[in-house]
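>
Numbering (full-length UniProt numbering), first residue to last: 1 to 235.
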């Protein structure tokens with residue numbers, strides 16, 4: 001049997017070369033900008049990436065449907081609005097921009113937990129409304145009873161009948177402010193806490209209230225024409 005000289009085992013050399021080969025995974029990544037609706041001053045939220053496997057691949061199909069959350073303070077530049085977060089869903093890709101449409105809203109957990117008061121009544125309500133484009137939104141509203149200066153007791157509980165009346169006020173305000181509106185107007189009202197202020201004003205006629213706010217908005221069903229409902233700046 002002939003003895004092979006060193007380095008003649010080509011198969012072993014090829015296997016070793018493959019193991020030592022370093023591949024830059026980021027070289028196949030394409031970066032895209034995430035953009036919120038133009039009603040906010042700072043609508044560029046960040047970036048997202050997608051892996052490019054071939055030159056003929058349509059990367060937009062991989063980006064549509066992605067969801068991202070952004071704090072309202074980052075969208076408006078007002079640090080006092082840090083407790084509210086908006087959720088967006090990529091509905092269209094224009095060049096290197098991923099156009100997001102409204103997909104929901106929620107308060108941060110510390111804000112929601114801070115609403116609850118010991119020896120007070122927490123009043124909760126949720127109602128489904130239909131936006132202009134057919135999107136069905138489920139709105140959650142919370143309110144807490146308030147102690148008046150003339151109250152001597154540390155317990156501030158309202159009656160069950162008063163709680164039902166206040167909840168009815170919540171339902172009416174949600175329907176009055178949001179039903180049939182386009183998603184841009186709904187976002188503006190949520191950002192300005194229009195519903196919470198209206199509930200506190202009208203509900204306080206039944207029993208003094210505080211900490212009235214929309215804690216969550218959930219998209220139950222998306223409308224057919226969400227792309228036209230959200231106009232995004234081209235630049």
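Cβ coordinates follow ideal geometry from the N, Cα and C atoms, glycine included.
What's the C-alpha gap between residue 184 and residue 65?
If you take the alpha carbons of residue 184 and residue 65, they lie about 19 angstroms apart.
> Quick check: what's the CA-CA separation for residue 216 versus residue 135?
Taking the straight line joining both Cα atoms gives about 16 angstroms.
> Among the residues of its own chain, which have a CB less than 7 angstroms from the CB of residue 44, if the five just before and after it don't count?
Excluding residues within five positions, the ones whose Cβ falls inside 7 angstroms are 33 and 35.
> Looking at the unbroken alpha helix (DSSP H) that takes in residue 191, where does it start and where does it end?
Here the alpha helix (DSSP H) through residue 191 covers 183-191.
> The alpha helix (DSSP H) with residue 198 in it runs from where to where?
From DSSP, the alpha helix (DSSP H) with residue 198 extends over 194-203.
> So what does DSSP say about residue 221, is it helix, strand or coil?
In this structure, residue 221 counts as strand in the three-state DSSP scheme.
> Since residue 69 and residue 87 are thought to touch, with beta carbons under 8 angstroms apart, how far apart are those beta carbons, to the nearest angstrom?
At roughly 5 angstroms, the Cβ-Cβ gap stays under 8 angstroms, so residue 69 and residue 87 are in contact.
> With which residues is residue 94 paired in a DSSP beta bridge?
In the DSSP output, where bridge partners are listed per residue, residue 94 has 97.
> For residue 91 and residue 100, I'd like the C-alpha separation in whole angstroms.
Cα to Cα, residue 91 sits roughly 6 angstroms from residue 100.
> Residue 191: which of 25, 73 and 27 sits nearest, CA to CA?
Taking only the C-alpha atoms, the option nearest residue 191 is 73.
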